[in-house]
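First the structure, in the form of structure tokens, and then the observations on it.
Protein chains: 2
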Amino acid sequence: MGKQMTEMLKGTLEGIVLAILSGRSAYGYEITAWLRDQGFSDIAEGTIYALLVRIEQRGLVDVEKVPSDKGPPRKVYSLNDQGREYLEEFWRTWSFLAERLEQLREGGR
Amino acid sequence: MGKQMTEMLKGTLEGIVLAILSGRSAYGYEITAWLRDQGFSDIAEGTIYALLVRIEQRGLVDVEKVPSDKGPPRKVYSLNDQGREYLEEFWRTWSFLAERLEQLREGGR
DNA sequence: TCAGCTATTTAGCGCTACTATGTACCAGTA
DNA sequence: TACTGGTACATAGTAGCGCTAAATAGCTGA
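This is the structure in structure tokens:
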């Protein structure tokens, strides 16, 4: 991943994961695989797991341990009400930033 | 500024400043004022100056000291060829991220 | 038995924005 | 003259986040 992308993901990756979880519950390995599929070529697994720990500690998600028939048990995360609220706030922040950026791209100031 | 915004600015603020400079040359104080005008309510002055030092050291901008009649001399920055290239790379990275985010917002995955 | 996929965890690092503070030039004014 | 306030830049220290790297563990098939 380029350095620019790495820096840009700070703050947005969290929103991305929350947005994924707003669609449906998921576990770390799955999320990582999906992101890679979407073109986030080398998002480190460690990054996602650390992020999940963080949002769990902040109380944005609920966690359930579910046995897997292909390996060790999965930790399945689902967005709770607080998480949903936080996600909306994220979209507002994102929108603001995206608008400013689009203006800059077109207008050249 | 909210914590979300602070994190989200990492990586994008640099692009924002470069985009401003692609329109025309500017100095730190001016850029800070303009950003505040645009709604980036409490971007710290220190942040911009540190950022400008960084992009100068990376050779993305040229600098010229210009006397001011209202205070100490200004350090006027202008984007050079390397900076322009870097800015294009920034827009590519940004576009990729923005597309993914828009998809997530609509599709819900 | 061992390789390989699934699945999670964590210590340490680098980078960036923020906080806080200091320096310095100039104009207007009391 | 001294003081205030706007203009303008610089920088040391802090916090947060994504990455690197390495470890652990369950399961399956050769």
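Chains as they are written, first to last, in the numbering used here: chain A, 1 to 109; chain B, 110 to 218.
Each residue gets a CB set at the ideal place from its N, CA and C atoms; glycine is no exception.
For clarity, every value in this text was computed on a predicted model and none was experimentally measured.
- Here Ser-131 (chain B) carries a helix assignment [DSSP, helix/strand/coil].
- Here Gly-180 (chain B) is exposed, its C-beta having fewer than 16 other C-beta atoms within 10 Å.
- Listed along chain A, the residues sitting closer than 8 Å to Thr-202 (chain B) by beta-carbon distance are Gly-2, Gln-4, Met-5 and Met-8.
- Scanning chain A for C-beta atoms nearer than 8 Å to the C-beta of Gly-148 (chain B) yields Phe-96 and Arg-100, reported in chain order.
- DSSP, read as helix, strand or coil, puts Ser-95 (chain A) in helix.
- Going by beta carbons, Gln-4 (chain A) and Phe-199 (chain B) fall inside the 8 Å limit.
- Taking C-beta separations shorter than 8 Å and ignoring five residues to either side along the sequence, the partners of Thr-12 (chain A) in its chain run Trp-94, following chain order.
- A direct Cα-to-Cα measurement between Phe-96 (chain A) and Ile-43 (chain A) gives close to 26 Å.
- Within the region 22–57 of chain A, complete alpha helix (DSSP H) segments of at least 4 residues are found at 28–37 and 45–57, given in chain order.
- Counting only the Cα atoms, Ser-22 (chain A) lies some 12 Å from Gln-82 (chain A).
- In the three-state reduction of the DSSP assignment, Lys-112 (chain B) falls in the helix class.
- Annotation: Leu-60 (chain A) has no Cβ neighbours in chain B at a cutoff of 8 Å; minimum Cβ distance is about 12 Å.
- Annotation: the continuous beta strand (DSSP E) that includes Asp-171 (chain B) extends over 170–175.
- Fewer than three Cβ pairs drawn from the region 169–176 of chain B and the region 54–64 of chain A lie within less than 8 Å of each other, which leaves the two stretches out of contact.
- For Leu-188 (chain B), the beta-bridge partners assigned by DSSP are B:Val-170.
- Between Tyr-49 (chain A) and Tyr-77 (chain A), the alpha-carbon positions lie close to 11 Å from each other.
- Judged by their CB atoms, Gly-28 (chain A) and Leu-9 (chain A) are not nearer to each other than the 8 Å cut-off.
- The beta-carbon separation of Ala-19 (chain A) and Leu-87 (chain A), rounded to 6 Å, stays under the 8 Å limit for a contact.
- For Thr-12 (chain A), at least one C-beta of chain B is nearer than 8 Å to its own C-beta.
- Counting only residues of its own chain and dropping the five nearest sequence neighbours on each side, Ile-55 (chain A) has a CB closer than 6 Å to the CB of Val-61.
- Residue pairing by DSSP places Arg-209 (chain B) in no beta bridge whatsoever.
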